[in-house]
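Written out below as structure tokens is the structure these notes cover.
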Amino acid sequence: QPGRIVRAITEAGTMNPVVLLDEVDKLSAGGWSGDPASALLEVLDPAQNHTFRDHYLEVELDLSDVVFIATANVAETIAGPLLDRMEVVRLDGYTEDEKVVIGRDHLFPAQLERNGLRSDEVVVPDDTIRRIVVDYTREAGVRNLEREIGKLLRKVAARVATDPTVVPVTVDDEGIEPALGRPKFFAEAAERTAVAGVATGLAVTGVGGDVLFIEASASPGESGLTLTGQLGDVMKESAQIALSFVRAHAAELGVPSGALDGRFHVHVPAGAVPKDGPSAGVTMTTALVSLLTDRPVRAVVGMTGEVTLQGRVLPIGGVKQKVLAAHRAGLTEVVLPKRNGPDLDDVPERVRAEMTFHLVDDVHEVFDIALESAAELAAA
């Protein structure tokens with residue numbers, strides 16, 4: 034039979050349809066069934082697609098009027114030649130408020146019908162949906178939120194079926210844990226950064242923004258640096274730059290003499306998740322300075338930015354997602370590169386109003402903001 038592209042055009046009944054290629058980052062790399070990524074190269078190339086040849090029909094088709102829209106979760110896994118033929122439009126994940134509205138107006142009614150309940154039999158307030166979003170899901174979209182709402186309503190449906198007199202059932206905070214179990218996610222910044230050598234970084238993953246706790250430790254032995262946490266090459270180089278900067282500026286940073294002798298270990302949990310990119314440079318440098326000066330990082334501060342050997346803080350991407358992750362984790366202050374200041378316009382106004390942003394050019398400014406002062410340590 035004709036290829037899938039030709040069949041899609043036939044189903045549309047026109048030569049200028051919109052064709053959606055869903056999740057192209059999941060394309061296989063070839064094998065006995067062929068290589069779809071290579072086939073798409075000709076389809077998506079404007080210089081070639083006016084003479085696209087279907088191997089079944091053995092005729093040339095003009096696809097130049099077709100609008101192709103491809104979707105993907107992670108651009109890094111798309112084949113380079115294929116990505117080069119696309120115009121990339123990055124869509125941010127939903128904010129907490131947007132998820133609550135989607136859950137209330139769309140997911141909840143759909144799950145009501147799916148579980149055989151009427152709208153007058155169960156009441157789920159916005160606060161309940163918000164707690165599900167915060168404590169039970171961590172994602173860019175709402176797929177897990179839909180699952181959790183469905184799980185909650187199945188419990189309600191079973192309760193209504195066994196005792197019809199309980200309607201309407203109102204699901205409040207007290208009713209969430211019996212239905213969904215213990216919370217899956219916690220705001221743990223204060224607990225994790227209570228000791229020197231741990232700094233809170235911000236990152237972007239396939240599920241949106243996230244908080245990374247970067248840990249540094251020192252031990253006697255041969256001088257060197259150990260890196261763990263499934264770090265990519267760029268992130269490993271960021272750690273090397275961080276240590277080189279600290280060694281070069283030890284005196285002005287107040288690092289005791291002899292403290293840099295021995296082996297350093299930098300770990301980025303979770304160990305099972307691959308990580309890469311230059312934006313953890315500021316966080317790694319801060320974690321090392323915190324360790325060597327015995328000054329813990331303030332629990333309310335998150336940071337992101339690339340750092341150079343001279344201590345310059347360079348701009349990074351994904352500011353909106355990182356700020357939303359910091360807000361979700363309970364952080365109230367975020368350190369960003371100064372050149373990322375305009376990107377804050379993309380952050381919802383409500384989030385901006387609840388947080389303080391420090392725009393910095395130099396990593397020394399980060400230390401002044403993030404590390405606890407001598408007075409704070411004395412008071413503690």
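For the sequence shown, our numbering gives the first residue as 34, with consecutive numbering after it. Ideal placement from N, C-alpha and C gives every residue a C-beta, glycine not left out. For clarity, every value in this text was computed on a predicted model and none was experimentally measured.
Contact between the region 308 to 321 and the region 262 to 274 is present: three or more C-beta pairs spanning the two stretches fall below 8 Å. Beta bridge pairing from DSSP links P370 with V393. For H360, the uninterrupted alpha helix (DSSP H) segment begins and ends at V352 to R361.
Here A249 is bridged, per DSSP, to V299. In the structure shown, the three-state DSSP call for E120 is coil. Between I111 and V57, the beta carbon gap of about 6 Å places them in contact (Cβ cut-off 8 Å).
In this model, V228 and A249 are separated by some 10 Å (Cα to Cα). Within the DSSP bridge table, the entry for V156 names T203 as partners. T259: member of the beta strand (DSSP E) spanning G257 to T261, first to last residue. A Cβ-Cβ separation of about 6 Å places L293 in contact with A283 under the 8 Å criterion. The bridge partners DSSP lists for F141 come to none. Between V334 and E366, the CB-CB gap stays under 8 Å. Per DSSP, reduced to three states, the secondary structure at E339 is strand.
Contact check between the region 372 to 382 and the region 144 to 161: fewer than three CB pairs, one atom from each, fall below 8 Å, which does not count as touching.
In the DSSP assignment, L53 falls outside any alpha helix (DSSP H) and within the unbroken beta strand (DSSP E) covering V51 to L54. Within the same chain, Cβ atoms closer than 7 Å to the Cβ of L140 are found at V175, L178, E179 and I182, the five residues on either side in sequence being excluded. Within the same chain, V76, L96 and S97 come within 6 Å of N82 by CB-CB distance, once the 5 residues on both sides are set aside.
Boundaries of the beta strand (DSSP E) around G234: V231 to T238. In the structure shown, the three-state DSSP call for E405 is coil.
In this structure, the straight-line span from the alpha carbon of K188 to that of T47 is close to 48 Å.
Minimum Cα-Cα distance from V204 among the listed residues V299, P69 and D160 corresponds to D160.
DSSP places I102 in the strand class (E or B) of the three-state scheme. Here DSSP, grouped into helix, strand and coil, assigns R345 to strand. Contact between L245 and G230 is ruled out by a C-beta separation of about 14 Å, above the 8 Å threshold.
Ranked by Cα distance from A173, the first of I209, L185 and K132 is K132. With a cutoff of 8 Å on beta-carbon distance, K371 and D401 are scored as not near each other. When secondary structure is reduced to three states using DSSP, K308 falls in the strand class.
DSSP places V333 in the coil class of the three-state scheme, outside both helix and strand. Approximately 6 Å separates the beta-carbon atoms of P114 and L74; this is inside 8 Å, confirming the contact. A Cβ-Cβ contact shorter than 8 Å links L321 with L276. If you draw a 10 Å sphere on the C-beta of R215, you find fewer than 16 other C-beta atoms in it, and that means exposed. L264 is bridged by DSSP to K308. Between the beta-carbon of T128 and that of L357 there is about 6 Å, and that keeps the pair under the 8 Å contact cut. When DSSP states are grouped into helix, strand and coil, R163 belongs to the helix group. Checking the DSSP bridge columns, you'll see F85 partnered with L94.
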